[in-house]
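Undergrad: One structure, pasted below without further comment.
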Amino acid sequence: MISGATIELAGVTKVYGGDGPAGVRALRGIDLRFRPGQYVSIEGPSGCGKTTLLNLLGLIDTPTEGEVRWDGVNVADGSER
Numbered sequence: 001m002i003s004g005a006t007i008e009l010a011g012v013t014k015v016y017g018g019d020g021p022a023g024v025r026a027l028r029g030i031d032l033r034f035r036p037g038q039y040v041s042i043e044g045p046s047g048c049g050k051t052t053l054l055n056l057l058g059l060i061d062t063p064t065e066g067e068v069r070w071d072g073v074n075v076a077d078g079s080e081r
């Protein structure tokens, strides 16, 4: 069996450019769970948030709302990096 971390997104939203009417919502309320050994494909049209999702999973960016958890630890705020 492949060992590794369970990665979860809980209620993740990402807004670029502020929360007001000028803000662009790249992701809205995403709930996902990736378990060790799972193969996952992410697809969709241009501009749907694929790269934003990968940036959050890779800890390159932080969500506006929600949690990104690795083995149950919220790493979304960047303090666990």
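The sequence shown runs 1 to 81 under UniProt numbering. Each residue gets a CB set at the ideal place from its N, CA and C atoms; glycine is no exception. Just so you know, these numbers come straight off a predicted model, no measurement behind them.
Following the continuous alpha helix (DSSP H) through residue 85, name the residue where it begins and the one where it ends.
TA: Here the chain has residues from 1 to 81 only, and residue 85 is not among them.
Undergrad: What does the alpha-carbon distance come out to for the pair V24 and D71?
TA: For V24 and D71, the distance between alpha carbons rounds to 30 Å.
Undergrad: Excluding the 5 residues flanking R69 on each side, which residues of the same chain have their C-beta closer than 6 Å to its C-beta?
TA: The answer, listed in chain order, is E8.
Undergrad: Can you tell me the Cα-Cα spacing of V75 and G11, whole angstroms?
TA: For V75 and G11, the distance between alpha carbons rounds to 14 Å.
Undergrad: Look at the alpha carbon of D19 and the alpha carbon of P45, and state the distance between them as a whole number of angstroms.
TA: Rounded to the nearest angstrom, the two C-alpha atoms are 24 Å apart.
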